[in-house]
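Note that full-length UniProt numbering has the sequence shown beginning at 1, numbered continuously upward.
In what follows, a structure is listed as structure tokens, so that the remarks can point back to it.
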Amino acid sequence: MNITLKTIGGRILAAAKKDVILTVSLVCAVFSMFLVPPSSAYIGYVDFRVLALLFCLMVVVAGFQECGLFVLMARKLLSGENNFRQLSWMLVMLPFFCSMLITNDVALLTFVPFTILILDMIGEKKHMAWIVVLQTVAANLGSMATPVGNPQNLFLYGRFSIPAGRFFAVLLPLAALSFVLLTAAVFRIPRISMQIRFDAPEVTQEKHASPAVFLFLFLLCLLSVFRILDYRIALAVTVVCLLLFDRKLFRTADYLLLLTFVCFFLFAGNMGQLQGLKSFMAEVLSRNPVLFSALTSQLISNVPAAVLLSGFTSDWKSLLLGTNLGGLGTPIASLASLISLKFYIKELPDKVSHYLAVFTAINIAFFLILYTAACFL
1 MNITLKTIGG RILAAAKKDV ILTVSLVCAV FSMFLVPPSS AYIGYVDFRV
51 LALLFCLMVV VAGFQECGLF VLMARKLLSG ENNFRQLSWM LVMLPFFCSM
101 LITNDVALLT FVPFTILILD MIGEKKHMAW IVVLQTVAAN LGSMATPVGN
151 PQNLFLYGRF SIPAGRFFAV LLPLAALSFV LLTAAVFRIP RISMQIRFDA
201 PEVTQEKHAS PAVFLFLFLL CLLSVFRILD YRIALAVTVV CLLLFDRKLF
251 RTADYLLLLT FVCFFLFAGN MGQLQGLKSF MAEVLSRNPV LFSALTSQLI
301 SNVPAAVLLS GFTSDWKSLL LGTNLGGLGT PIASLASLIS LKFYIKELPD
351 KVSHYLAVFT AINIAFFLIL YTAACFL
């Protein structure tokens, strides 16, 4: 019996370590239930619109990935005669622009392995840390430019019914400055002439749905995000299309992330019922909401920070700025950053300290510049 309990405990601990943010959110949700007993009001805490749209975007983007669309685009852009600096710039800008539509996580999952492959191919792995870190920063900063670029934007955009024009007015200037900073950072890469040739892509017998299906579904998602189409219609059509064309895509959705959202919805909702805490948090947030949001993101990552803090302030502009800039800093500040770190560790396990040093230096530099700029918006 002791062995069985030990085994079960070990598995629970391993699962907790595997997804720390989910574990924290679950503990917070359960703790809050002791302060505010469960009731029918709990249903009102959960933003089903955000959950539905997140699910739709996850499976639709996975469909694009399955078609090989993004890698094919990258191969077309990078093949031929280039110099190394120009090549590096394109490798950094691919996740910057693509993250605006396919999210920062997917952009890094797609382009970081591709970058590692290219650097290995041309014998320039010594620059891998610099380029992969810039890609990570690019994905996090590029994703802030649109409501669908990252989960915190999607949540805040819906939570506060932010007008599209005001959303873009707040974040596009910072995205433009980010583009300039990333371009400047690439100039550290030497100009070395090189020729890139890719082998013909492998032809597989596995059948996939047409990219046109996913393009149609993606347009439905965008219409729902901008509140032109009811999200329930987009969800229903997406589910039906997957059932008809590609059922295995149901497995690609990050259900743990969706569960994390539910836990933080419950925690934030319960905390909002405690008047003393609500007044205290509102007071703290009113002093410097952008900086407080960014610092909170360093501890629990920017997506949970957006959900949690939205219950204590109506200042959506500061939350948008703070949680997006809060993705710069520690690797946990934006969970997308952990994706790049895992790929790098797998490729160069003995150079992790070098990667973290580069990561910290670049993130701090970008944060200080962009935070200063945000203070004038």
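Note that beta-carbon positions come from the ideal geometry of N, C-alpha and C, so glycine has one too.
Since this is a predicted model, take the numbers as computed values, not measurements.
Looking only at its own chain, which residues have a Cβ that is under 6 Å from the Cβ of residue i, when we skip the five neighbours before and after it?
i    : result
F96  : A138 and G142
S88  : I131, V186 and I189
Y355 : A129 and Y344
R85  : I189 and R191
Y231 : R49, A52, L53 and S224
S99  : A107, A139, G142, S143 and G149
G269 : Y45
S193 : N83
T323 : Q152, S293, S297, N302, A305 and A306
S334 : N140, N302 and G327
P331 : S337, L338 and L341
G158 : R49 and V50
L377 : none
R247 : none
K125 : L119
K317 : V170
E81  : Q195
Which same chain residues, not among the five before or five after residue i, have their C-beta less than 8 Å away from its C-beta?
i    : result
F250 : V59 and L242
N2   : Any reading at N2 must be qualified, since the residue scores a pLDDT of 49, below 50, and its modelled position is unreliable; no value is offered.
Y371 : V290, L291, A294 and L325
F226 : P147 and A164
L69  : P211
K278 : M271, G272, G311 and F312
C375 : V290
F366 : V137, L141, S178, L181 and L328
List the whole-angstrom C-beta distance separating residue i from residue j, where the pair is believed to meet the contact cut-off of C-beta under 8 Å.
i    : j    : result
I362 : V133 : 5 Å
V30  : F265 : So it is not a contact: roughly 14 Å between Cβ atoms.
A336 : D120 : That belief does not hold up - the Cβ atoms of A336 and D120 are roughly 23 Å apart, past 8 Å.
T260 : I21  : 6 Å
V170 : L72  : That pair is no contact at about 34 Å.
P304 : S40  : Actually they are not in contact, since the Cβ atoms of P304 and S40 sit about 25 Å apart, beyond 8 Å.
V307 : F155 : 6 Å
F55  : F214 : Actually they do not touch by this definition, with Cβ atoms about 14 Å apart.
M90  : L77  : 6 Å
L229 : L217 : So it is not a contact: roughly 12 Å between Cβ atoms.
V237 : L182 : About 37 Å; that fails the 8 Å criterion.
C263 : C67  : C263 to C67, Cβ: 33 Å. No contact.
Would you check whether the ligand COA has a heavy atom nearer than 6 Å to the C-beta of residue i?
i    : result
G165 : Absence of the ligand COA is noted for the structure shown, with no ligands found whatsoever.
Kindly indicate which residue of the options has the alpha-carbon position closest to the one of residue i.
i           : options                   : result
G329        : N104, S297 and L257       : S297
I369        : V27, L174 and A29         : L174
residue 386 : V180, K351, F64 and L258  : Residue 386 lies beyond the stretch modelled for the chain, which goes from 1 to 377, so this question has no answer here.
I339        : A107, N82 and G165        : A107
L319        : K76, S79 and F160         : F160
E283        : I300, V262 and D315       : D315
residue 420 : I364, F359 and A373       : Only positions 1 to 377 of the chain appear in this structure, which leaves residue 420 out of reach.
R287        : L109, M271, I233 and F312 : F312
P37         : F267, K317 and F367       : F267
I122        : I196, A145 and S79        : I196
L309        : M281, T183 and V237       : M281
L172        : A145, A184, T183 and L348 : A145
L348        : L109, T103 and H127       : H127
D19         : S353, L256 and V352       : L256
By Cβ distance, which residues of its chain are closer than 7 Å to residue i, with the 5 residues on each side in sequence left out?
i    : result
L94  : A74 and F111
T252 : M58, V59 and A62
F198 : R75 and S79
L35  : N270 and L274
S32  : L266, F267, N270 and M271
I364 : none
Determine which residues share a DSSP beta bridge with residue i and list them.
i    : result
I196 : G80
Taking Cβ positions only, does residue i come closer than 7 Å to chain B?
i    : result
I118 : No chain B appears in the structure shown, which is made up of a single protein chain.
For this session: Count the CB pairs spanning the region 109-117 and the region 337-350 that are closer than 8 Å, and state whether there are at least three.
Result: Two segments are said to touch when three or more pairs of C-beta atoms, one from each, lie closer than 8 Å; by this definition the region 109-117 touches the region 337-350.
Exercise. Do the region 208-219 and the region 175-182 make contact, defined as three or more Cβ pairs closer than 8 Å?
Worked result: no
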